[in-house]
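Mapping of the first sequence onto this note's numbering: residues 1 to 907, in sequence order.
Glycine included, C-beta positions come from ideal geometry on N, C-alpha and C.
Report on one structure; see the data block that follows.
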Amino acid sequence: MTTTGEERERAFDHGEVEPRWQQAWDEADVFRIDDDATDPEYVLAMFPYTSGQLHMGHVRNYTITDAVARFERMRGEDVLHPMGWDSFGLPAENAAEERDTNPRDWTMQCIDRMRDQFVEMGFGYDWEREVTTCEPDYYRWNQWLFKRFREAGLVERQAAELNWCPSCETVLADEQVEGDDELCWRCDTPIDHREMDQWFLTITDYAEALLEALDDLDGWPNNVREMQRNWIGKQEGASVAFEVGEYGAVDIFTTRLDTIHGATYFSLAPGHPVAREIAEENDEVAEYIHEAEHADEDDLDVTSGVFTGEYATNPATGEAIPVYVADYVLTDVGTGALYAVPAHDDRDHEFATHHDIEIRQVVEPAPEADVDPEDVDVQEAAYTEDGVLDLSAVEGSSRPEGSDGVLVNSGEFDGLTSEAARDRFVSEFDGEHRTEYNLRDWGISRQRYWGTPIPMIHCEDCGHVEVPDEDLPVELPEFVHTTGNPLDAAEEWKQTSCPDCGADAVRETDTMDTFVDSSWYFLRYVSPDLTDAPFDTDRASDWLPVDRYVGGIEHAVMHLLYARFVTKVLGDIDLLEGVREPFTNLTNQGMVLGENGNKMSKSKGNGVSPQRIIEEYGADTARLFIMEAAQPEKEFAWSPEGVQSAHSFLQNIYGLADELAAGEIEFGSEGDIAGYVAREIDATAARATAEYETFRFNHALQAVRELVALLRRYREATEPDDATFERGLVTAAKLLAPVAPHVGEELWERLDGAGLIAEADWPAAEAPADYDTERRLVENTREDVRDIVDTVGIEDPQTITLAVAPAWKHEVVDVAREADNVVPAVMQNEELRRYGEAAADFAKTLAGRATFDEHLPPERELAALERAAWLIEREFGAEVVVQSAEAAGDSLASKAEPGRPAIDIAE
RNA sequence: GCGAGGGUAGCCAAGCCCGGAAACGGCGGCGGACUCAAGAUCCGCUCCUGUAGAGGUCCAAGGGUUCAAAUCCCUUCCCUCGCACCA
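Okay, here's the thing in structure tokens:
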């Protein structure tokens with residue numbers, strides 16, 4: 001960037017300015033919130049994982065919440081805006097291994113580094129409420145809550161299948177298993193699936209509550225709500241038992257019980273217990289199951305399966321249908337067993353065709369459907385829609401060919417709609433209504449060191465025994481480098497005695513999933529130092545829910561679902577009162593893309609380091625650029641031009657304030673222009689406020705830029721009125737301050753503001769009366785003048801005369817607006833009739849129009865044009881004369897209409 | 001396949017909920033002011049036609065409702081995201 005000498009003189013040095021204000025805020029306790037505050041505005045960003053690296057995603061996330069917090073504070077709200085550290089987790093262990101240190105030291109260093117960066121960015125947090133999940137002061141409450149959940153019957157020990165790396169001797173999360181070959185991400189060893197006992201929180205008990213409440217979460221994005229609905233995966237259906245050979249009754253789950261008469265085979269998942277029983281007698285089945293269990297996802301065709309030689313009895317028809325074991329039936333969906341209806345299910349159809357099984361239609365389109373039953377050929381493709389039952393094809397049906405249908409066996413079902421049949425068949429075939437969820441219980445056991453120890457003890461005699469509350473927290477032992485779980489290797493720590501019987505016992509060596517930490521951290525901020533409970537129930541009940549939660553979409557399901565679950569449980573065990581949902585409004589900020597529009601990544605080499613931007617341009621430039629670039633939820637590409645533009649703007653407005661402070665601006669007493677500027681100031685405040693409220697910071701900032709540009713033009717055009725000019729700058733500074741807080745303070749200091757702008761009052765936000773109408777009048781008039789000058793080709797206009805329409809024309813429009821029949825209505829008006837033919841002609845003109853824009857009365861139009869005349873003078877270098885209809889005389893004024901002054905341009 | 005969100009001028013992108021001006025902004029491009037010049041800044045223009053503020057054609061495509069549609073309704077096409085051998 002090149003700067004002129006003058007600009008350099010007027011520029012601020014962010015490296016000097018920013019730390020100074022950060023210190024000033026700190027000393028003035030600007031961001032502290034008192035424990036006594038009632039129902040403060042709770043503004044929260046998802047706390048970061050402590051990687052030590054601040055990236056642009058963080059900067060964007062925290063710039064948004066910081067701007068909102070500052071905005072609300074200036075409006076006089078008490079604001080809770082805390083920050084903490086999601087500091088447990090596997091990466092810390094890996095980093096410790098790589099650097100020959102331990103997870104704790106490494107994590108603490110990362111936290112210090114990140115905290116410094118947050119301060120440098122000017123983010124205003126109440127650091128007295130800082131929460132660090134890897135501190136015993138925090139995680140002891142994970143343990144305490146685990147026990148309360150257990151008391152409430154929400155903790156279970158179940159077997160679960162896990163990814164196990166035989167070389168590292170540890171469990172891996174799904175995302176740590178790489179590629180189709182399923183290799184360990186660290187040592188490239190193929191992983192095993194191992195069934196292990198695990199601790200679970202039974203979130204499935206809350207499946208319905210979690211699902212239902214989504215409908216009322218109006219402040220959440222639709223896609224997140226939809227993702228949670230999908231995840232919970234509610235299915236309403238029914239279960240019915242089929243007798244399978246000598247193996248007894250097998251329950252199936254179906255959502256299409258109406259099609260039961262069309263079942264022509266029965267299918268078991270390879271993992272179904274009955275399939276395993278059959279395999280013991282049948283080698284072919286055993287082989288298939290083995291194959292299915294060791295195959296990769298796509299190895300087996302959808303039609304793969306094996307006939308077991310067994311038959312199942314269809315309770316609807318009494319028929320015996322063949323039993324298959326098929327891979328397309330999933331063990332953990334429904335009951336892992338189903339009856340197949342090839343005529344009405346695509347996969348069953350494909351399977352049946354391949355295995356040459358009968359396809360029997362039992363549903364046809366209902367009369368109101370726009371499909372002709374004749375066009376449905378289930379031999380070709382399954383008909384999967386609802387319809388009416390057509391049991392003519394069922395064996396034993398008494399329905400004659402072509403008739404409207406008589407019932408199979410019992411006659412009473414024929415013609416039922418699918419919906420009615422589903423309901424009816426439940427009782428008819430001894431089934432039961434059943435609701436299935438895709439949601440699984442939350443397995444929280446991790447065979448890792450860097451997490452919250454699960455507060456349980458295994459005693460030979462007493463089984464699983466809780467660690468008594470008074471012995472909490474169970475603290476982590478010293479970290480040891482080992483291939484497996486360091487807790488397992490910590491012999492001294494592991495050996496203990498049973499709290500119940502006193503015998504020798506061992507501690508649980510699993511730690512908790514780190515999502516446990518983040519499922520309630522937003523409550524700990526309320527009372528971070530409390531020593532006898534995780535949080536102060538009264539205060540939390542008052543301060544929660546979080547009013548504004550901002551974070552990445554990657555947490556749409558996991559974290560946000562767990563937090564909702566925990567919040568509901570806390571309510572049910574009386575630790576929270578009247579808070580059923582943790583986050584009222586949720587925003588998922590979009591990605592910051594690299595300059596080329598691709599995702600920033602090391603491999604693409606298009607990453608932009610926040611640290612570098614802060615050093616080169618300062619935090620405010622980065623903040624302003626990010627907020628101007630796009631609305632929070634949209635992605636945008638990093639742009640050096642945009643950064644540059646934000647930087648120049650900040651320098652520019654600073655320069656103006658500095659000149660003002662230095663007394664270098666000549667002031668005068670010009671009145672009309674000041675009036676114009678004054679109205680623009682008010683309108684800008686109103687617009688920016690509304691945009692802040694609706695999270696469209698880019699629009700708010702655009703308004704601020706326009707105001708500053710206007711002030712600059714004002715100064716160039718005339719000797720401005722000092723009070724108006726200063727008020728304009730003060731307003732711009734305040735509107736800018738939430739986004740560019742350091743520059744805001746610099747401006748404030750030069751504008752003689754008392755105290756800190758961070759604590760100043762937000763500008764009153766009331767647009768002037770009829771602002772929009774006036775603005776439209778002025779803009780239209782300016783455009784018309786341009787249009788004329790351009791089309792006519794006037795080289796050098798000398799005088800531009802604007803004449804406002806006479807009062808009677810305004811009245812004609814008023815009458816016309818109300819009238820059905822314009823011309824008669826106008827001519828019947830005594831007053832208007834006085835204007836004779838002119839009134840009639842004008843009425844005729846209006847009669848052809850469908851609508852009438854709002855317009856100002858003549859004297860207000862006159863005043864508005866007088867205020868705006870300077871803009872036209874400046875643009876065309878001509879004298880501008882604004883006249884009333886009377887002053888202008890008939891020849892000109894007759895061309896004017898309300899909202900559209902007559903224009904005369906003299907060369 | 002199911003679900004959600006979209007398709008607006010060369011590009012990015014507002015407006016759509018609550019129908020009423022060729023449609024806010026920005027970038028890029030063009031012209032002008034300032035300057036020895038460039039940059040920065042400022043003022044315009046940027047769908048087509050037009051010597052007094054005009055006319056024409058426009059918001060993925062097609063239909064409909066309405067005095068009036070980018071906006072409401074229907075159909076089709078395309079994009080992005082989420083879920084999915086889900087019984």
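With respect to the C-alpha of Leu747, the residue from Val730, Ala807, Ala838 having the closest C-alpha is Val730.
Cβ contact annotation for Arg424 (same chain, cutoff 8 Å, sequence separation greater than five): Phe413, Leu416, in chain order.
Ranked by Cα distance from Pro455, the first of Glu691, Glu491, Thr511 is Thr511. Distance from the Cα of Leu560 is smallest, within the candidate group Thr38, Leu586, Asp572, Leu576, for Leu586. If you keep only unbroken beta strand (DSSP E) runs of at least 3 residues inside the segment 292-366, you get 305-313, 320-326, 337-340. Per DSSP, reduced to three states, the secondary structure at Cys459 is strand.
The three-state secondary structure of Leu439, taken from DSSP, is coil. Annotation for Trp141: no beta strand (DSSP E) segment contains it, though the alpha helix (DSSP H) segment containing it runs 136-151. Listed as beta-bridge partners of Met196 by DSSP are Ala160. Tyr42 is the residue among Glu897, His855, Ala343, Tyr42 whose C-alpha sits nearest the C-alpha of Leu544. Contact check for Arg539 against Asp35 passes: the beta carbons are separated by less than 8 Å.
The alpha-carbon separation between Val826 and Leu846 amounts to approximately 10 Å. Excluding its 5 nearest sequence neighbours in each direction, Leu530 has C-beta neighbours in its own chain below 8 Å: Asp536, listed in chain order. The bridge partners DSSP lists for Tyr49 are Asp86. By alpha-carbon distance to Asp105, the top candidate from Phe88, His354, Val119, Glu120 is Phe88. Residues of the same chain with a CB within less than 7 Å of the CB of Asp66, apart from the 5 flanking positions on each side, are Phe123, Gly124 in chain order. Taking C-alpha positions only, Lys599 is separated from Met591 by approximately 8 Å. In this structure Ile357 is not in contact with Val378, their Cβ atoms being roughly 13 Å apart against a cut-off of 8 Å.
When the alpha-carbon of Asn821 is set against those of Lys809, Ala843, Tyr328, the nearest one is in Ala843. By the 16-neighbour rule on beta-carbons within 10 angstroms, His294 is exposed. From the listed residues Gly552, Ser645, Leu751, Arg867, the smallest Cα separation to Arg60 is found for Gly552. Counting the other CB atoms within 10 Å of its CB gives Gly76 a total below 16, which places it among the exposed residues. By the neighbour-count criterion, in which 16 or more other beta carbons inside 10 Å mark a residue as buried, Glu628 falls on the buried side. Taking each of Thr791, Tyr206, Pro273, Glu428 in turn and checking the Cα distance to Thr331, the smallest one comes out for Pro273.
Of the candidates His855, Ile905, Leu154, His855 places its Cα closest to the Cα of Pro898. Judged by pairs of C-beta atoms under 8 Å, the segment 435-451 touches the segment 201-215, as three or more such pairs exist. Of all alpha-carbon atoms in Gln228, Pro221, Asp251, Thr255, the one lying nearest the alpha-carbon of Gln235 is that of Thr255. With fewer than 16 other beta carbons inside 10 angstroms of its own, Lys634 counts as exposed. DSSP places Asn588 inside the beta strand (DSSP E), whose first and last residues are 583-588.
A Cβ-Cβ distance of about 14 Å is found for the pair Glu475 and Pro103, leaving them out of contact under the 8 Å criterion. Ranked by Cα distance from Asp547, the options Gly233, Ile800, Asp218 are led by Asp218. Residue nearest to Leu211 within the set Phe565, Ala674, Glu774 is Phe565 (criterion: CA-CA distance). Shown here, Phe625 sits in a helix according to DSSP, grouped into three states. The DSSP assignment places 495-497, 504-507 as complete runs of the beta strand (DSSP E) inside the segment 484-544, in order along the chain (cut-off: 3 residues).
Nearest C-alpha to Val550 among Met46, Phe876, Asn230: Met46.
Here the alpha carbon of Val224 sits roughly 10 Å from the alpha carbon of Asn230.
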